[in-house]
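K.L.:
Once you've had a glance at the structure underneath, I'll fire off some questions.
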Amino acid sequence: MSPITGSYTASVRIENIARYDGQEVIIQGWLQLKTGKGKLQFLRVRDGSGIIQAVVFKGNVSAEAFEAARRLPLESSLIVTGVARADQRAPGFPGGYELDVRDLEVVQESAEYPIGPKEHGVEFLMDNRHLWLRSTRQWAILRVRATIIKAIRDWLDDNGFTLVDTPILTPAAAEGTTTLFQTDYHGMPAFLAQTGQLYNEANIFAVGKTYCFGPTFRAEKSKTRRHLQEFWMVEPEIAFCTLEQLLEIEEQYVSYIVQTTLRKRAVELAALERDTSTLAKVVPPFPRISYDDAVTRINAAAAAGVTVPPNDEPLPALPWGEDFGAPHETFVASLFDKPVFVHHYPSQVKAFYMESEPGRPEVCRSCDLLAPEGYGEIVGGSERMSDPDLLLAAIDRHHLPREAYAWYVDLRRYGSVPHSGFGLGVERTVAWLCGIDHIRETVPFPRLLNRLYP
Ligand code: 4AD
Ligand code: MG
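So the sequence shown is numbered by numbering that gives the first Met the number 0: it starts at 0 and just counts up by one.
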């Protein structure tokens, strides 16, 4: 293959600028900010990999180039040639270098850019999401997200899991019938997948350990800081695996994702001003607490008048058998300095497919992983029902149509084994690692209750 030549390959990415100390380089990017007066112009240039300050001194460039630098509107695209110069105080990301400009070519002079350095309302920014993505903060989040996704895949690929894709158009519900997006499948109802799990359970009998990773859809009727209508979820599923074994896999997995992101995205996390000291502690083992014990702790604290962030509201009491609300998750997580496993939830608040605890049919062999610092549930998992008759009874109890699940029950007839799996939500993980309080910023184009644009 012949090499690609020309200015594309000649240009340097800002993230690699330290390799070019003292050399003349070309950077292609956009003008993010400009200051200066008289014979000096400071252009903050971003190229997608980083941000650098380009210093234009009148005496070093042609008259045209200086004039261009002086009047260039924000977000104009440009190609800058300059000498990379180390300077500890130089602003930018990764920082530590600035560019002594020798030439400047304007690719397009931008129209007046609607997003300025002043504060904007969230709805305005969301309407301009296609432009907002260029800001330092959104750029950093996108970069962290990409690294989290790569870590998600790498660990599974390196630990014996086979990726098997699952369908997005499905004939039946898997995570409750109240959050289904219905669509028309040539005259038949079909639903956007809430999960790939049921198909994973077929796939483990072919490949042993599998995962699917794709967008999932939930018609959540509420506006919260934690819920999207469309979110990405990785779902590993493992044959010959009990709940206890599953938790050991989960803590290895989540620790790998966190530590890899800390290592590879230090610059972006610094741009987000994320305090990474709590993340550094995320190493196995994670604490485990049963739902029963968690409820006891919650109710004792509620009786004592404990309040919870972010609004310092009183922690509500929790009758046994009810699901956690956000304040309960925040409180339980605050008892530990690592993510915490809450296991054995009441069967009535969980999905139909979860295995019951032998001798205690009112609780199931399920486990949620709650992130620290109030980020809530990031992983939900369980051991699956492996007996065909018990599974049929569960399907009936949940008023689900037997016909739609015939194939799923069938899996329990040909070499059924104990098996378990979990789902990790990408956006909640991004929110946690980036330290951002609303899930809308964790995905490039969020789908929210009242928003489908842009
Ligand atoms: O707990 P959930 O609903 O579990 C399942 O879907 C199982 N089928 C997973 C499995 O065992 N294979 O969802 C798993 C995770 C949650 O912990 C959360 O991180 C994320 O998916 N999640 C959402 N993220 C954003 N918006 C929503 N509406 C979400 N619903 C779940
Ligand atoms: Mg859940």
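Glycine residues also receive a C-beta, built at the ideal position from the N, C-alpha and C atoms.
Between S415 and S385, how many whole angstroms is the CB-CB distance? I'm expecting something under 8 Å.
P.N.:
Indeed they touch by this definition, with Cβ atoms about 5 Å apart.
K.L.:
For ligand 1, I want to know if G58 counts as a neighbour, meaning its beta carbon is within less than 7 Å of at least one of the ligand's heavy atoms.
P.N.:
False, no ligand heavy atom lies under 7 Å from that Cβ.
K.L.:
Return helix, strand or coil for A350, following the three-state DSSP convention.
P.N.:
Of the three classes helix, strand and coil, the one that applies to A350 here is coil, per DSSP.
K.L.:
Between R12 and S48, which are expected to be in contact by the criterion C-beta below 8 Å, what is the C-beta distance as a whole number of angstroms?
P.N.:
Contact holds; Cβ gap of about 4 Å.
K.L.:
Starting from C433, follow the alpha helix (DSSP H) in both directions and report where the run begins and ends.
P.N.:
Run containing C433: V425 to C433, per the alpha helix (DSSP H) assignment.
K.L.:
What does S355 pair with, by DSSP beta-bridge criteria?
P.N.:
The partner list for S355 (beta bridge, DSSP) reads C363.
K.L.:
Tell me whether the beta-carbon of M187 lies closer than 8 Å to the beta-carbon of T215.
P.N.:
No, these two residues do not count as a Cβ contact at 8 Å.
K.L.:
Please list, in chain order, all residues of the same chain as L448 whose beta carbon is under 6 Å from its beta carbon, the five residues on each side excluded.
P.N.:
Answer for L448: K222, listed in chain order.
K.L.:
Quick one: is the Cβ of G379 within less than 7 Å of any heavy atom of ligand 2?
P.N.:
At least one heavy atom of ligand 2 is nearer than 7 Å to the Cβ of G379, so yes.
K.L.:
For F330, does the three-state DSSP call read helix, strand or coil?
P.N.:
F330 falls in the helix class under three-state DSSP.
K.L.:
Grouping DSSP H, G and I as helix and E and B as strand, with all else coil, what is T295?
P.N.:
Reduced to three states, the DSSP call for T295 is helix.
K.L.:
Within 7 Å: the Cβ of E376 and any heavy atom of ligand 2?
P.N.:
Under cutoff, so the answer is yes.
K.L.:
My output table needs one value for D102: the three-state DSSP class, helix, strand or coil.
P.N.:
Three-state result, D102: strand.
K.L.:
Are R225 and R427 close, meaning C-beta to C-beta below 8 Å?
P.N.:
In this structure, R427 lies closer than 8 Å to R225 by Cβ.
K.L.:
Which whole-angstrom value describes the C-beta separation of R101 and N59, a residue pair presumed to lie in contact below a C-beta threshold of 8 Å?
P.N.:
Rounded, the Cβ-Cβ distance is 6 Å, consistent with contact.
K.L.:
Which residue from Y198, Q31 and A68 puts its Cα closest to that of G115?
P.N.:
If we check each option's Cα against that of G115, Q31 comes out closest.
K.L.:
Are there any heavy atoms of ligand 2 lying less than 7 Å away from the beta-carbon of D322, as far as the coordinates show?
P.N.:
D322 Cβ: outside cutoff for every heavy atom of ligand 2.
K.L.:
Kindly indicate which residue of K208, S333, Q40 and G28 has the alpha-carbon position closest to the one of P371.
P.N.:
Taking only the C-alpha atoms, the option nearest P371 is S333.
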